[in-house]
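Presented below is the structure to which this report refers.
In the numbering used here, the protein residues as written are 15 to 115.
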């Protein structure tokens, strides 16, 4: 993505956020948005951003035991379990920490 494309995306995002409807939280909302509180339309507005996540995987925690999903770089150990967040601290990844132990 070049800088002009990034600027265009940023301008679109700013226009979208600065609408009266967005600021006041009014406007038509889907049933799923009303029930969950998550507006999945952002995937259509910003398709390059990825996907909308909600639930346990979307919550930030201070825990070092939370597993890192494979799509975010998490790896599985020999027993098929996802590596916990504490293995990703500091320089290097889980492989480096295993070598040091």
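Built from N, CA and C at the ideal position, the CB exists for glycine as well.
Just the Cα atoms here: how many angstroms apart are residue i and residue j?
i          : j          : result
residue 33 : residue 93 : 50 Å
residue 22 : residue 91 : 42 Å
residue 59 : residue 98 : 33 Å
residue 16 : residue 80 : 35 Å
With H, G and I counted as helix, E and B as strand and the rest as coil, what does DSSP make of residue i?
i          : result
residue 79 : coil
residue 90 : strand
Quick check: residue i and residue j, are their CB atoms within less than 8 Å of each other?
i          : j          : result
residue 36 : residue 30 : yes
residue 96 : residue 87 : no
residue 43 : residue 78 : no
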